[in-house]
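Student: Last residue of the sequence shown: 409 in my numbering, with the numbers rising by one and none dropped.
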Amino acid sequence: MSVTTTTPDRRRGFRLLALDMNEIGLIVILLLLYFGFGATTNGFLSANNHLSLLRDAASIAIAAWAVTLIIIAGEIDVSVGPMVAFTSVCLAFMLKADVNVALAILAALAIGGALGTFAGSLRAYFGVPSFVATLGLWSALRGMSFFTTNALPVTFPDNAFLDILADNMFGIPTSAIVMLVLFAIFSFVSQKTAYGRSIFAVGGNANAAELCGINVARIRVLIFTTSGVMAALAGVLLTARLGSGNAGTASGLEFDVIAAVVIGGTALSGGRGSMLGTLLGVFVITLIGNGLVLRGINPFFQEVVRGVIIVAAVLANILVTRYRERRIFGAC
Numbered sequence: 078m079s080v081t082t083t084t085p086d087r088r089r090g091f092r093l094l095a096l097d098m099n100e101i102g103l104i105v106i107l108l109l110l111y112f113g114f115g116a117t118t119n120g121f122l123s124a125n126n127h128l129s130l131l132r133d134a135a136s137i138a139i140a141a142w143a144v145t146l147i148i149i150a151g152e153i154d155v156s157v158g159p160m161v162a163f164t165s166v167c168l169a170f171m172l173k174a175d176v177n178v179a180l181a182i183l184a185a186l187a188i189g190g191a192l193g194t195f196a197g198s199l200r201a202y203f204g205v206p207s208f209v210a211t212l213g214l215w216s217a218l219r220g221m222s223f224f225t226t227n228a229l230p231v232t233f234p235d236n237a238f239l240d241i242l243a244d245n246m247f248g249i250p251t252s253a254i255v256m257l258v259l260f261a262i263f264s265f266v267s268q269k270t271a272y273g274r275s276i277f278a279v280g281g282n283a284n285a286a287e288l289c290g291i292n293v294a295r296i297r298v299l300i301f302t303t304s305g306v307m308a309a310l311a312g313v314l315l316t317a318r319l320g321s322g323n324a325g326t327a328s329g330l331e332f333d334v335i336a337a338v339v340i341g342g343t344a345l346s347g348g349r350g351s352m353l354g355t356l357l358g359v360f361v362i363t364l365i366g367n368g369l370v371l372r373g374i375n376p377f378f379q380e381v382v383r384g385v386i387i388v389a390a391v392l393a394n395i396l397v398t399r400y401r402e403r404r405i406f407g408a409c
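So this is what it looks like as structure tokens:
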């Protein structure tokens with residue numbers, strides 16, 4: 078009787094191969110959505126709509142890069158939408174008070190980072206589940222945004238730098254360029270640095286990571302701090318795009334971000350995920366939303382359609398991944 082064993086390196090290779098299959102499946106879904114909407118929806122293939130797609134994708138993706146790290150670490154952040162709105166309002170108030178634009182943007186990013194650090198500290202040092210910590214932040218920030226603005230947009234004088242952020246560079250929306258630069262940075266950090274490997278280790282088994290010398294509490298604080306800064310950056314870009322700070326902006330963004338990350342193959346249980354998968358997931362979410370709007374689907378029914386397509390996409394990718402793993406391990 079012979080027993081076939083699988084070394085850790087080979088198992089890691091199988092997981093990576095399965096993840097590649099997930100990404101291939103997402104590319105197929107994207108192509109079907111793109112050509113399906115392109116063939117049936119007026120205006121979908123226009124240049125202006127493509128620019129709009131990139132801007133919408135950037136609004137989701139910039140926050141999604143950090144949330145990918147959070148979910149890989151086995152945590153969750155549901156405060157992204159209100160964080161974007163609150164930092165947008167803070168930035169608008171500062172610009173209205175004639176604060177220097179560079180200082181105002183840095184202050185907005187610092188506010189986002191501080192709020193993220195607060196949520197991460199609750200999780201890391203007090204054992205508060207990340208869902209509860211960020212849900213409390215979600216409610217507090219949304220309420221504070223509406224309270225301070227009386228639910229009215231906060232306008233400010235025209236600003237040349239914000240105009241650049243809202244405009245195009247080399248024919249591409251500035252926000253999309255920021256999105257792609259951050260994609261490269263986060264991909265490098267998650268794959269090529271000790272910090273990135275530590276995040277995967279914490280998500281795989283936090284107790285084992287602690288025994289291996291990884292400061293789990295510090296990792297948890299850092300990923301939430303990063304999420305706060307990225308949400309604030311998304312708020313800055315959204316403020317530039319809208320020309321005002323609005324407490325109601327980015328409503329539901331946290332669900333789009335989490336959906337994009339999960340569609341991209343990041344396991345909610347932690348320990349597995351990739352930035353490329355998240356990027357593909359972001360475009361799936363964006364294409365669905367854009368296509369439904371252009372087709373004039375009832376806004377309330379759009380949520381139903383989007384929900385069904387998202388669940389179907391996630392289920393399809395899970396089934397493909399399991400099938401591939403079963404074939405690989407069955408051959409060993």
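Beta carbons: idealized from backbone N, C-alpha and C, even for Gly.
1. Please report how far the alpha carbon of residue 325 lies from the alpha carbon of residue 154, in whole angstroms.
2. Which of the three DSSP states is assigned to residue 321 in this structure?
3. DSSP on residue 118, reduced to helix/strand/coil?
4. How many angstroms separate the CA atom of residue 305 from the CA atom of residue 282?
5. For the structure I just gave you, are there three or more beta carbon pairs, one from the region 191–209 and one from the region 276–295, closer than 8 Å?
6. Should residue 367 be labelled buried (16 or more other beta-carbon atoms within 10 Å of its own) or exposed?
7. To which residues does DSSP link residue 171 through a beta bridge?
8. Does the region 133–144 come within contact of the region 154–170, defined as at least 3 CB pairs closer than 8 Å?
9. To which residues does DSSP link residue 250 through a beta bridge?
10. Which partner residues does residue 411 have in the DSSP bridge list?
11. Taking C-beta to C-beta, are residue 186 and residue 314 nearer than 8 Å?
12. Per DSSP, what are the beta-bridge partners of residue 388 in this structure?
13. Going by beta-carbon coordinates alone, are residue 345 and residue 100 separated by less than 8 Å?
14. Chain C beta carbons: is any one of them nearer than 8 Å to that of residue 176?
15. In chain order, what residues of the same chain lie with their CB nearer than 6 Å to the CB of residue 303, ignoring the 5 residues before and after it?
16. What do you reckon, are the CB atoms on residue 243 and residue 318 nearer than 8 Å?
17. Starting from residue 333, trace the alpha helix (DSSP H) both ways and give me its first and last residue.
18. Report the rounded CA-to-CA distance for residue 192 versus residue 208, giving the unit in angstroms.
19. Output yes or no for whether 8 Å exceeds the beta carbon distance between residue 250 and residue 132.
20. What span of residues does the alpha helix (DSSP H) with residue 359 cover, start to end?
21. Assign residue 214 to buried or exposed, taking buried as 16 or more other Cβ atoms, counted over all protein chains shown, within 10 Å of its Cβ.
22. Just to check my reading of the structure: residue 189 and residue 116 have Cβ atoms closer than 8 Å, yes? What is that Cβ distance to the nearest angstrom?
23. Look at residue 334 and residue 151 and say whether their C-beta atoms are less than 8 Å apart.
24. According to DSSP, is residue 155 helix, strand or coil?
25. Would you call residue 329 buried or exposed, if buried means 16 or more other Cβ atoms sit within 10 Å of its Cβ?
26. When you compare each of 225, 114 and 126 to residue 374 by their alpha carbons, which one comes out closest?
27. DSSP three-state call for residue 231: helix, strand or coil?
28. Would you kindly work out how many angstroms separate the C-alpha atoms of residue 195 and residue 210, rounded to a whole number?
29. Tell me whether residue 113 sits in a helix, a strand or coil according to DSSP, three-state version.
30. Exposed or buried, which one is residue 381 when buried takes at least 16 other CB atoms within 10 Å?
Tutor: Short version:
1. Cα to Cα, residue 325 sits roughly 19 Å from residue 154.
2. strand
3. coil
4. 24 Å
5. yes
6. buried
7. For residue 171, which the question treats as bridged, DSSP gives no partner whatsoever.
8. yes
9. 245
10. Outside the shown range of the chain (78 to 409) lies residue 411, about which nothing can therefore be said.
11. At a Cβ-Cβ threshold of 8 Å, residue 186 and residue 314 do not count as neighbours.
12. DSSP, once it has assigned bridges, lists no residue as partnering residue 388.
13. no
14. No chain C is part of this structure, which consists of one protein chain only.
15. 143
16. yes
17. 330–340
18. 15 Å
19. Yes, they are a contact pair.
20. 352–371
21. Counting the other Cβ atoms within 10 Å of the Cβ of residue 214 gives 16 or more, which makes it buried.
22. Actually they do not touch by this definition, with Cβ atoms about 41 Å apart.
23. no
24. coil
25. exposed
26. 114
27. strand
28. 9 Å
29. Of the three classes helix, strand and coil, the one that applies to residue 113 here is helix, per DSSP.
30. exposed
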